[in-house]
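Just so we're aligned: the sequence shown equals residues 13 to 95 in the working numbering.
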Amino acid sequence: MNQRSLEPNTTCDAGIDVARKLLVFEVVSFSFFLFSSLVAQGLKLAINLLNSKDVDEAFRAHINLKVLRLGMMGSVIGSVMGC
């Protein structure tokens with residue numbers, strides 16, 4: 013690559029390991045955000061099914077509130093870890 017920083021001091025130049033770590037951290041951060049988004053979408057679907065106005069029992073969901081809270085915490089933790 014042979015890229016240099018704007019500083020004339022050569023100790024400020026980033027090596028290939030820095031670029032590799034930056035790429036890994038970017039991918040991990042994106043995966044945490046993706047996880048958070050998928051959990052939030054699942055929770056949204058669960059809440060919509062729970063609050064369904066249809067009288068037909070097939071469209072109503074029986075959702076454990078502990079699992080719902082755990083999913084909300086998972087979504088929050090995923091967002092924070094992504095940041």
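For glycine and all other residues, C-beta sits at the position ideal for the given N, C-alpha and C.
Does the distance from the CB of S87 to the CB of S48 come in under 8 Å? yes
Assign N63 to one of three DSSP states: helix, strand, or coil. coil
Are the beta-carbon atoms belonging to G94 and V51 less than 8 Å from one another? no
In the structure shown, what three-state DSSP assignment does D29 receive? helix
Nearest-angstrom Cα distance between L61 and F37? 36 Å
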